[in-house]
Every structure is written in C-alpha cells, then in structure tokens.
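J.: Sharing a structure with you now.
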Amino acid sequence: MIGLSSSPIAVVFSVVLLLFCFSETTLSAPCPINGLPIVRNVSELPQDNYGRPGLSHMTVAGSVLHGMKEVEIWLQTFAPGSETPIHRHSCEEVFVVLKGNATLYLAETHGSSPGKPIEFPIFANSTVHIPINDAHQVKNTGREDLQMLVIISRPPIKVFTYDDWFMPHTAARLKVPYYWDEQCVQESQKDEL
Ligand SMILES: *[C@@H]1O[C@H](CO)[C@@H](O)[C@H](O)[C@H]1NC(C)=O
Ligand SMILES: *[C@@H]1O[C@H](CO)[C@@H](O)[C@H](O)[C@H]1NC(C)=O
Ligand SMILES: *[C@@H]1O[C@H](CO)[C@@H](O)[C@H](O)[C@H]1NC(C)=O
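Sequence positions in the sequence shown follow mature numbering (1 follows the signal peptide of the UniProt record, and there is no 0) and run -28 to -1, 1 to 165.
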C-alpha cells in the first residue's frame, strides 16, 4: 500500500487519495434515498457544473436524490455568456430569478421543429413560466451572474435537446437521466411511484 511508504510525495498522495475517497463517500451518500432534511443550509449543499462551463447546479429538493414525488427544485447560477441547451420537457417549470439579467428564448409554436423563438428579457425578481413542451433556452446575456431557483413538476426530468431551433422534433435527443440525476439513478430505479 502507498500509505506504508514514508516519502513526502507518497504521504501527500495518500492524503489526497484519502480525501478523494472521503469526498466520493460524501457525494454518493445522498444516493440511497433517505428523504429530505427538514431544514438545510443552502451554503452547504453540494454544487457541480456537470461538465457544462459556467454552470453551478444544486439540487435543493430532488426526486432521485431525496425521493420527492411531485416537485423538484434546483438553484442554478450561470456565468455571463453561458446558457442552457435548447430543450423541452413535458413537465411544468417555473423560474424565480434571484440575481442577474438574461434572455429567455421560447418557441411557442408546435410545428415539426421548434422554429424561431421569441425573446424575453428576464431579470432579478422576475418569475418565468415555461409552458409544457415549449422548446426554450436561457442565456445569460447580462454582465453579472444569473441565479435562479428552478421548480419543475413530475420529476425526475426527462429532457429532449436540440442542436438548433430548426432541428425536427423527431431528431431531438432524449437525455434521461439528466446530468445531475446520472450519478444516483441506478439506486432510484427500484423506487417506482
Ligand atoms: C450556513 O453555512 C455557511 C457555510 O458553511 C455558514 O457560514 C453559515 O453560518 C451557515 N448558516 C447557519 C445559519 O448555520
Ligand atoms: C438588469 O435589468 C434591470 C431591469 O431591467 C436593469 O435595471 C439593470 O440595469 C440591469 N443590469 C445589468 C447589469 O444589465
Ligand atoms: C423583489 O420584490 C419584492 C416585492 O416587491 C421586494 O420586497 C424585494 O426587495 C425585491 N427584490 C429585489 C432583489 O429586487
């Protein structure tokens, strides 16, 4: 074992390895559904960008993570210039914008592809309602971080993503589990409603 060696590099390496194992344990700990604590401190929730530059995602109350049945809540921060994919989903969704300014692109028509979207400026203290199955994208077109609370119904979310607004619906890619559900989805598949 590396830990038996006493060279400084090996010691540092062992410590890093230990920390890594520890963080792995703490990260995977929420996967077996133990419910959602009554009170939690947002500053202490795990956050990750899930490989998407400029994103910080926290699952405040989740289906896969916490066993929520009807709603799921995220706290997301987007750095200036960052954006969501163009996507749609068959659940209700509401954002409460806490900080920053951004643009919502929303395709309200239901042809064979999303089509040219309408642009809505969104801003701190605005609420945003995404109609079921309307393709949409949020882009931080402001100069500061955009932070919003995202509430969805019927979790876990099943997302269809598009490369552009004129990609046919039939070519949209289904992304399930979604990025933040991937880590724990194996455990949760046993948990049917
Ligand atoms: C919440 O967590 C932050 C970061 O750990 C800490 O500084 C703060 O004191 C906590 N708030 C309460 C009320 O415990
Ligand atoms: C954000 O939008 C608000 C309301 O439209 C505006 O007052 C503010 O100046 C904007 N801030 C930035 C940084 O663009
Ligand atoms: C949001 O609106 C509420 C109600 O008017 C107000 O009390 C609060 O200060 C506003 N927050 C921001 C960040 O503008």
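Here a beta-carbon is modelled for each residue, glycine too, at the ideal position from N, C-alpha and C. Since this is a predicted model, take the numbers as computed values, not measurements.
Which residues share a DSSP beta bridge with residue 77?
T.: For residue 77, which the question treats as bridged, DSSP gives the partners 91, 109.
J.: So what's residue 134 in DSSP terms, helix, strand or just coil?
T.: If DSSP states are grouped into helix, strand and coil, residue 134 belongs with the strands.
J.: Alpha carbon to alpha carbon, how far is residue 32 from residue 38? Give it in angstroms, no decimals.
T.: Approximately 9 Å, taken between the alpha carbons.
J.: At what residues does the alpha helix (DSSP H) containing residue 38 begin and finish?
T.: From DSSP, the alpha helix (DSSP H) with residue 38 extends over 35 to 38.
J.: Apply the 10 Å Cβ neighbour rule to residue 95 and answer buried if 16 or more other Cβ atoms are within range, or exposed otherwise.
T.: Classification for residue 95: exposed.
J.: Quick one: Cα of residue 72 to Cα of residue 48, how far?
T.: Using only the alpha carbons, I get a separation of about 12 Å.
J.: Does the distance from the CB of residue 128 to the CB of residue 149 come in under 8 Å?
T.: Result yes, Cβ atoms of residue 128 and residue 149 sit closer than 8 Å.
J.: Since residue 31 sits in a beta bridge, which residues does DSSP pair it with?
T.: In DSSP, residue 31 forms a bridge with 46.
J.: Using only Cβ atoms and a threshold of 7 Å, which residues come within that distance of a heavy atom of ligand 3? Order them by chain position.
T.: With the cut-off at 7 Å, the residues found are 96, 97.
J.: So, is residue -1 buried or exposed, given that buried needs 16 or more other C-beta atoms within 10 angstroms?
T.: Low per-residue confidence applies at residue -1: pLDDT is 45, beneath 50, and the placement is therefore not dependable, though the value from the model is reported in the following sentence. That one is exposed.
J.: Have a look at residue 87 and residue 114 and give me their C-alpha separation to the nearest angstrom.
T.: Cα-Cα distance, rounded: 24 Å.
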